[in-house]
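**Q**
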Amino acid sequence: MHVLEVLRRPIITEKSTALQEQGKYTFEVARDANKQQIKQAVEQAFKVEVAKVNVIAVPPKWRGPGRRRGKTSPSRKAIVTLKPGHKIEFFEGV
Amino acid sequence: MKVSSQRIENSQVVLRVEAEPEEVEHSLEEAYRHLVKRIDVAGFRRGKAPRMMLERYLGKEALREEALEHLVPELLSRALEQEGIDAIAQPQIEIVESDPGVVFQATLPVRPTVELGNYREISVAPEPVEVAEEEVEKALEQIRYEHAPWQPAERPIQFGDLVTIDIKVTQSDNTVLERKDLQYQVLSEFPFPVPGFAERLEGVEKGQQKEFSISFPPDHERRELAGKEYLFTVTASEVKEKKLPELDDEFAKSLGQGFDDLESLRQRVASNLRAMAEERARKRLEETVVEALVERSKVEFPPILVEREIDLLVKEGEKSVEGHLRSRGRSEEELREELRPQATKRLIRSLVLGKVAEEEKIEVTAAEVDEEVEALAQGAGERGEELRRVFRSEEARQSLEDLLLTRKTVRRLVEIASAGETK
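Okay, structure coming up:
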């Protein structure tokens, strides 16, 4: 699997923003990516050094009533801890 | 904040205000704190989104706009205080620069300046008022005519007669209008129903039928009639004329207004005419004095005041018939443009008079206002109570007070000008 296919998008929520203060950055990643691949992808993409990677499987959830009822797509989240002194800017500027 | 101010023509001041970077930053922060409470950003509870998210979500400009909305008025009011400027209306603000520094220019209307000419120099002599004998006779004649009863006359129709006619209007065999027993006063050059109609009736005998065609003039008010020719068939069934009563003591008594004889009626008419003439002369005199003073004075005022005066005129115009006639078929702008000279004149007058009132220490007391209200109420008769109620409101009293002040001021001016004769 190519490096660029591993990271889907950064997850930016109140919780993930709070984690950034501890040098932890959250991404949605490919479901079949392993921790090693995620580490390499982040290091290459953001030019930083990764200390550790935690992954969480996001299970599909039931959504919608009655006939519209279906499941959300399952996905996988990775919380990447950077080595001290490293930083990722998700947004340009400021 | 850096401020520079410059006075320009027409009682206006231009302020140039430059915000310090910290002030801008502070204001952006405020704007963020203000906006974040109202905006939902996905992934965050309301009010918890970081500033960066909000900026991405709304756009930087939106945040800056919000910041300016508060920053500009705040800086402006501080600048006004600092410069000691007393603005009398909303300023016109022009943002010169908004990113990253904030610079704006405000054009402020300030109090008009009035340089009074020396009104003590003005001197006028009241014109003598005379009522000519013929005027009295004419007025009497008018009263006589008004009180004359209609009486049947056995003669051809003349102008001034009241006739009863049957009328039929046709156009190429189509009957357009048919009326019986129509009362019609035959007046020369009367434009109803068609110009020339009254003239055709002249000389028609009672019981006689007359046919004639008249074309409506091409510019007739009712479009569908304009320029078309109609055949009129008119039968006169009755002719009445005014029977003028004898101008004698009997007539004076019959008016039922307490006149014992013709002489007392004549005197009353004469004194009424005199009073009216005096009133006119007084008005003219006042006008002359005020005009003279306006001419000698230098007045400078911000354009916004003229606009307000025009607003007033437009509003007044809506209430009066004249105003309606004038505004008919005109756009709002045209009307305003047309009223502009009048508004300017009125404004200058009131500014000048206000200054005179100040100089002469002319004041109107609450008691005087009460008195005037009472006088108006008396004059209004049955509706007096209603009037009193209206003038209980602060606003109405204020406008009445202004009116009284103007009146007093003008009187004083006339006094000074008349006394000036001797100096």
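Chains E and U are the protein sequences, given in the same order.
For the first sequence, counting from 1, position 63 maps to 70 in the numbering used here; every step adds exactly one.
For the second sequence, counting from 1, position 198 maps to 199 in the numbering used here; every step adds exactly one.
Ideal placement from N, C-alpha and C gives every residue a C-beta, glycine not left out.
Remember, predicted model here, so these are calculated numbers, not experimental data.
Using the beta-carbon of each residue, which ones in chain E are nearer than 7 Å to U:P51?
**A** T24
**Q** Assign E:F53 to one of three DSSP states: helix, strand, or coil.
**A** Collapsing the DSSP output to three states places E:F53 in a helix.
**Q** Please tell me whether U:R39 has its Cβ less than 8 Å away from any Cβ of chain E.
**A** no
**Q** Measure the alpha-carbon distance for U:P110 versus U:L76 and round it to whole angstroms.
**A** 17 Å
**Q** Quick one: measure Cβ to Cβ for U:S298 and U:L414, integer angstroms, because I've assumed they're closer than 8 Å.
**A** Wrong, their Cβ atoms sit about 12 Å apart, outside the cutoff.
**Q** Is there at least one Cβ from chain U nearer than 8 Å to E:I86's Cβ?
**A** no
**Q** Cβ atoms of U:S6 and U:F302: under 8 Å apart, would you say?
**A** no
**Q** Name, please, each residue of chain U whose Cβ falls closer than 8 Å to the Cβ of E:I19.
**A** G44, M54
**Q** Counting only the same chain and skipping the five closest in sequence on each side, list residues whose C-beta sits under 6 Å from that of E:E50.
**A** The beta carbon of E:E50 sits closer than 6 Å to the beta carbons of V57 from its chain, once the five residues preceding and following it are set aside; these are given in chain order.
**Q** Who are U:A107's beta bridge partners in DSSP?
**A** U:L16, U:I94
**Q** U:Q252 by DSSP, collapsed to three states: which one?
**A** Per the sequence shown, the amino acid found at residue 252 of chain U is Phe instead of Gln. DSSP places U:F252 in helix when its eight states are reduced to three.
**Q** Could you tell me whether the Cβ of E:G92 comes closer than 8 Å to any Cβ of chain B?
**A** Absent here is chain B; the protein component of the structure consists of chains E and U.
**Q** Go ahead and label U:T407 buried or exposed: buried means 16 or more other beta carbons lie within 10 angstroms of its beta carbon, across all protein chains shown.
**A** Looking at its Cβ environment, which holds 16 or more other Cβ atoms inside 10 Å, U:T407 is buried.
**Q** According to DSSP, is U:L226 part of a helix, a strand, or is it coil?
**A** coil
**Q** Using a Cβ-Cβ cutoff of less than 8 Å, which residues in the same chain neighbour U:Q209 once the five nearest sequence positions on both sides are dropped?
**A** T236, A237
**Q** Determine contact between the segment 391 to 399 of chain U and the segment 264 to 280 of chain U, defined as no fewer than three beta-carbon pairs at a distance below 8 Å.
**A** no
**Q** Is the segment 353 to 367 of chain U touching the segment 285 to 300 of chain U in the sense that three or more CB pairs, one from each, lie closer than 8 Å?
**A** Note that the segment 285 to 300 of chain U touches the segment 353 to 367 of chain U; at least 3 beta-carbon pairs, one per stretch, sit closer than 8 Å.
**Q** In terms of alpha-carbon separation, which member of E:I45, E:V55, E:F53 lies closest to E:I63?
**A** A check of alpha carbon separations from E:I63 across E:I45, E:V55, E:F53 identifies E:I45 as the nearest.
**Q** Relative to the C-alpha of U:V353, which residue among U:E383, U:T410, U:P304 is closest?
**A** U:T410
**Q** Can you give me the C-alpha to C-alpha distance between E:P81 and U:H27, rounded to a whole angstrom?
**A** 44 Å
**Q** Do the segment 157 to 164 of chain U and the segment 186 to 194 of chain U touch if we need at least three Cβ pairs shorter than 8 Å?
**A** yes
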